[in-house]
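Trainee: Heads up: the sequence lines are chains H and S, in that order.
Residue numbering for the first sequence is 1 to 288, as defined by this note's numbering.
Residue numbering for the second sequence is 289 to 576, as defined by this note's numbering.
Number of protein chains: 2
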Amino acid sequence: MKVIKSLSAMQSAAQRWKREGLRIGFVPTMGYLHEGHISLVRRAREEVGTEGVVVLSIYVNPTQFAPTEDLAKYPRDFARDRALCRDAGVDVIFAPDDAKMYAGRADGEYSTWVEEDQLTRGMEGVSRPTHFRGVTTVVAKLFNLVLPDVAVFGAKDYQQAAVLRRMVKDLNFPIQMVVAPTLREADGLAMSSRNKYLDAEHRREALALSRLLVEARKLVREKPGGITVEKLRGRLETVASGYPLARLDYMEFFDPETLVPVNLVRRGHRMALAMFLGKTRLIDNGSL
Amino acid sequence: MKVIKSLSAMQSAAQRWKREGLRIGFVPTMGYLHEGHISLVRRAREEVGTEGVVVLSIYVNPTQFAPTEDLAKYPRDFARDRALCRDAGVDVIFAPDDAKMYAGRADGEYSTWVEEDQLTRGMEGVSRPTHFRGVTTVVAKLFNLVLPDVAVFGAKDYQQAAVLRRMVKDLNFPIQMVVAPTLREADGLAMSSRNKYLDAEHRREALALSRLLVEARKLVREKPGGITVEKLRGRLETVASGYPLARLDYMEFFDPETLVPVNLVRRGHRMALAMFLGKTRLIDNGSL
Numbered sequence: 001m002k003v004i005k006s007l008s009a010m011q012s013a014a015q016r017w018k019r020e021g022l023r024i025g026f027v028p029t030m031g032y033l034h035e036g037h038i039s040l041v042r043r044a045r046e047e048v049g050t051e052g053v054v055v056l057s058i059y060v061n062p063t064q065f066a067p068t069e070d071l072a073k074y075p076r077d078f079a080r081d082r083a084l085c086r087d088a089g090v091d092v093i094f095a096p097d098d099a100k101m102y103a104g105r106a107d108g109e110y111s112t113w114v115e116e117d118q119l120t121r122g123m124e125g126v127s128r129p130t131h132f133r134g135v136t137t138v139v140a141k142l143f144n145l146v147l148p149d150v151a152v153f154g155a156k157d158y159q160q161a162a163v164l165r166r167m168v169k170d171l172n173f174p175i176q177m178v179v180a181p182t183l184r185e186a187d188g189l190a191m192s193s194r195n196k197y198l199d200a201e202h203r204r205e206a207l208a209l210s211r212l213l214v215e216a217r218k219l220v221r222e223k224p225g226g227i228t229v230e231k232l233r234g235r236l237e238t239v240a241s242g243y244p245l246a247r248l249d250y251m252e253f254f255d256p257e258t259l260v261p262v263n264l265v266r267r268g269h270r271m272a273l274a275m276f277l278g279k280t281r282l283i284d285n286g287s288l
Numbered sequence: 289m290k291v292i293k294s295l296s297a298m299q300s301a302a303q304r305w306k307r308e309g310l311r312i313g314f315v316p317t318m319g320y321l322h323e324g325h326i327s328l329v330r331r332a333r334e335e336v337g338t339e340g341v342v343v344l345s346i347y348v349n350p351t352q353f354a355p356t357e358d359l360a361k362y363p364r365d366f367a368r369d370r371a372l373c374r375d376a377g378v379d380v381i382f383a384p385d386d387a388k389m390y391a392g393r394a395d396g397e398y399s400t401w402v403e404e405d406q407l408t409r410g411m412e413g414v415s416r417p418t419h420f421r422g423v424t425t426v427v428a429k430l431f432n433l434v435l436p437d438v439a440v441f442g443a444k445d446y447q448q449a450a451v452l453r454r455m456v457k458d459l460n461f462p463i464q465m466v467v468a469p470t471l472r473e474a475d476g477l478a479m480s481s482r483n484k485y486l487d488a489e490h491r492r493e494a495l496a497l498s499r500l501l502v503e504a505r506k507l508v509r510e511k512p513g514g515i516t517v518e519k520l521r522g523r524l525e526t527v528a529s530g531y532p533l534a535r536l537d538y539m540e541f542f543d544p545e546t547l548v549p550v551n552l553v554r555r556g557h558r559m560a561l562a563m564f565l566g567k568t569r570l571i572d573n574g575s576l
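Pasting the structure below:
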């Protein structure tokens, strides 16, 4: 396994693999890897085969964090990430640095952004207004540096995956997008690098997110004709009240393709939610 | 020479050339070709060599025209373009259509834009507020479809070339950008597909653009210490008054790299201008 930090070295390697006819599978991450990331690596390997190249990037992208958010304290542990990648069969870790990724940004010499203006309107786009512009921009950059045939994203960031899929289609990136299922802890909490922030008490109450998804699914399936959002919200707020430390940021019910909110929720629609556990903000989503 | 209209056929061909180790040279145009375009084709050929592939795209991109502009009447002559391309040694004409390039746009299913927010602020960005967003977006799309190693743009659209160069750097496209010199008619008028709009009288007065550039250069070179923009503008307005049919849209003096306007104009700075000849809007620029 190789670690590449230089942008031009990464791009030249990718161009060489292309000339050699090797397929490139790509898993972009912000590091502090967990089993969820590793499942994406396994999926990338399945896609490109043993002869293919699997690249995992580790880059805590500053442009997707608002000034008030957790950029500075976002957890990092490169030595541990490296060991996990080696065990998982990653071929190349691409770990660029800010000074290169956004060269000249402080002097106004970085000035190009990729923006998706439909799917980013709700949910995370409301709670984190500049977030998706940072995500689409950095992923476009990473795509141009790693030149993947297949890119694998986790379903936990469902809206992000939808936005990136749209970006790939709209901008004609020659890339197959794969969205792999969310991995969960034994009690149901979706795996996330941010789970590390939780103390024991908040960790217990973080269960609220997956519990609300399970309850919502049950309620929707009890009503084959659909249940109104008002009624569903009411029932779920009762459930949420059992988790006094968990503060709801948003809870939305929407069409899984367009992300447009629905009023009558039926099986096949999707639910996404964000909650604060103290200062830690967690998200989750699931099919209903 | 081959004509490709399908996006996926273009992209597959490009991917095949990459695997075969062929270099791809790319000249994006809106068609209605003239000698200026052909000079870009020749430059692309020099860059990729006889074994390389030269692709010229013909696409009148709707998203770079404002509703008030000349999209519908923009001149088109595919048969003539095809003959010119064959004579010039183009290997592939890529001629996609709107329905494919912006699939689903009327239904909100096209939603991703590339925006450059520094170099687009002045000049054409003021006169045509949504123009550059359309240009950067369509060129990003074309780059992903044609996968060029080298792309050649004309210096007549100087600001556009600067914006696209910035986009390539910022988004890490693995593409070498070449900006080739403006070709001119015998009397000095910069070649442009829009020159076709001019009747004999306006054609005569269209000379104002190149004449102002020549005069500006002379005035600047007479003052090695620099000349103020006010003084230079005053002198040039006198020159312009000799062309009563030519109405000035803007005339700017700026740093050739940053496009930031200067107050004291010296040799090496650049001038750009736009003028209306009746309803026809023409641009030109040059080094001072």
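Ideal placement from N, C-alpha and C gives every residue a C-beta, glycine not left out.
Just so it is clear, the structure is predicted and the values come from calculations on it, not from any experiment.
For chain S, is any of its Cβ atoms less than 8 Å away from the one on H:Asn172?
Mentor: True, the Cβ-Cβ gap to chain S drops below 8 Å.
Trainee: Considering only DSSP beta bridges, list what S:Ser575 is partnered with.
Mentor: S:Arg558.
Trainee: Please list the partners that S:Leu407 has in chain H, where partner means a Cβ-to-Cβ separation under 9 Å.
Mentor: The answer, in chain order, is Ser111.
Trainee: Using 10 angstroms around the beta-carbon of H:Glu205, count the other beta-carbons present and answer buried if the total reaches 16, otherwise exposed.
Mentor: By the neighbour-count rule (16 or more Cβ atoms within 10 Å), H:Glu205 is buried.
Trainee: Quick check: the Cα distance between H:Arg221 and S:Ala297, rounded to an integer number of angstroms?
Mentor: Rounded to the nearest angstrom, the two C-alpha atoms are 44 Å apart.
Trainee: Figure out for me which residue from H:Leu207, H:Val260, H:Leu56 has the closest Cα to the Cα of H:Asp81.
Mentor: Measuring from the Cα of H:Asp81, the nearest candidate turns out to be H:Leu56.
Trainee: Name, please, each residue of chain H whose Cβ falls closer than 7 Å to the Cβ of S:Val402.
Mentor: Neighbours of S:Val402 on chain H, chain order: Thr112, Val114.
Trainee: Nearest-angstrom Cα distance between S:Ala474 and S:Leu570?
Mentor: Approximately 17 Å between the Cα atoms of the pair.
Trainee: Excluding sequence positions up to five away, which residues of its chain have a Cβ less than 7 Å from the Cβ of S:Leu372?
Mentor: Contacts found: Leu321, Ile326.
Trainee: Going by DSSP in three states, H:Ser6 sits in which element: helix, strand or coil?
Mentor: Coil, per DSSP.
Trainee: Just verifying my parser: in three-state terms, what is the DSSP assignment at S:Arg409?
Mentor: The answer is coil: DSSP assigns S:Arg409 none of H, G, I, E or B.
Trainee: Give the DSSP bridge partners of S:Gly313, in chain order.
Mentor: Its beta-bridge partners are S:Val342, S:Val438.
Trainee: Report yes or no: is there a C-beta of chain S within less than 8 Å of the C-beta of H:Gly21?
Mentor: With 8 Å as the cut-off, H:Gly21 counts as an interface residue toward chain S.
Trainee: Closer than 7 Å by C-beta to H:Pro96: which residues in its own chain qualify, once you throw out the five before and the five after it? Chain order, please.
Mentor: Within the same chain, H:Pro96 has close Cβ partners Lys5, Leu7, Tyr59.
Trainee: Taking H:Leu273 and H:Arg217 to be in contact with their CB atoms under 8 Å, please state how far apart those CB atoms are, rounded to whole angstroms.
Mentor: The Cβ separation is near 13 Å, so there is no contact.
Trainee: Taking the runs of the beta strand (DSSP E) that are 3 residues or longer, which of them lie wholly in the stretch 321–399 of chain S?
Mentor: Correct list: 341–346, 380–382.
Trainee: Within 8 Å of any Cβ in chain H, is that where the Cβ of S:Lys429 sits?
Mentor: By this cut-off, S:Lys429 is an interface position.
Trainee: Within the same chain, show all residues whose beta-carbon is closer than 7 Å to that of H:Met275, passing over the 5 residues directly before and after it, in chain order.
Mentor: Excluding positions up to five away in sequence, the list reads Ala208, Leu209, Ala246, Arg247, Leu248, Asp249, Leu282.
Trainee: With DSSP as the reference, identify every bridge partner of S:Gln464, one or two as the case may be.
Mentor: Looking at the DSSP assignment, S:Gln464 forms a beta bridge with S:Val438.
Trainee: Taking the CB atoms as reference points, tell me whether H:Asn195 and H:Gly134 lie closer together than 8 Å.
Mentor: In this structure, H:Gly134 does not lie closer than 8 Å to H:Asn195 by Cβ.
Trainee: Taking buried to mean at least 16 other C-beta atoms within 10 Å of its own C-beta, is H:Ser241 buried or exposed?
Mentor: Looking at its Cβ environment, which holds fewer than 16 other Cβ atoms inside 10 Å, H:Ser241 is exposed.
Trainee: Looking at the C-beta of H:Asn285, does it have a partner C-beta in chain S at a distance below 8 Å?
Mentor: For H:Asn285, the answer is no, since every Cβ of chain S falls outside 8 Å of its Cβ.
Trainee: Confirm, please, whether the CB-CB distance from S:Val517 to S:Leu500 is below 8 Å.
Mentor: In this structure, S:Val517 does not lie closer than 8 Å to S:Leu500 by Cβ.
Trainee: Against S:Leu433, what residues of chain H qualify as contacts under a CB-to-CB distance less than 7 Å, listed in chain order?
Mentor: Within 7 Å Cβ-Cβ: Asn172.
Trainee: Among S:Glu545, S:Arg558, S:Pro462, S:His490, which residue has its Cα nearest to the Cα of S:Leu520?
Mentor: Comparing Cα-Cα distances from S:Leu520 to each of S:Glu545, S:Arg558, S:Pro462, S:His490, the minimum goes to S:Arg558.
Trainee: List, in chain order, every chain S residue whose beta-carbon is nearer than 7 Å to that of H:Gly134.
Mentor: What H:Gly134 touches in chain S: nothing, since even the nearest Cβ is about 13 Å away.
Trainee: Should S:Met411 be flagged as near chain H, meaning a C-beta pair shorter than 8 Å?
Mentor: Cβ-Cβ to chain H under 8 Å: no for S:Met411.
Trainee: Is any non-hydrogen atom of the ligand MN found closer than 7 Å to the C-beta of H:Ala88, if you look at the structure I gave you?
Mentor: You won't find the ligand MN in this model; it holds no ligand whatsoever.
Trainee: My output table needs one value for H:Glu115: the three-state DSSP class, helix, strand or coil.
Mentor: Note: H:Glu115 maps to strand in three-state DSSP.
Trainee: Any idea which residues DSSP pairs H:Leu264 with across the strands?
Mentor: DSSP, once it has assigned bridges, lists H:Thr228 as partnering H:Leu264.
Trainee: Checking 8 Å against the spacing of the C-beta atoms, do S:Ser399 and H:Gln118 come in under that value?
Mentor: Yes, these two residues count as a Cβ contact at 8 Å.
Trainee: When the Cβ atoms of the stretch 157–174 of chain H are set against those of the stretch 121–135 of chain H, are three or more pairs found closer than 8 Å?
Mentor: Touching, per the Cβ criterion.
Trainee: If you scan the stretch 208–254 of chain H from start to end, which runs of the alpha helix (DSSP H) of 4 or more residues do you find wholly inside it?
Mentor: Runs of the alpha helix (DSSP H) inside the stretch 208–254 of chain H: 229–240.
Trainee: Mind pulling the chain B residues with CB within less than 7 Å of S:Arg454?
Mentor: Within the model displayed, chain B is absent; protein chains H and S are what it includes.
Trainee: Does any residue of chain H bring its CB to less than 8 Å from the CB of S:Gly396?
Mentor: Yes - at least one Cβ of chain H is within 8 Å of the one on S:Gly396.
Trainee: Return the residue from the list S:Arg454, S:Gly392, S:Ala439 that minimises the CA-CA distance to S:Val329.
Mentor: For S:Val329, the nearest C-alpha among the options comes from S:Ala439.
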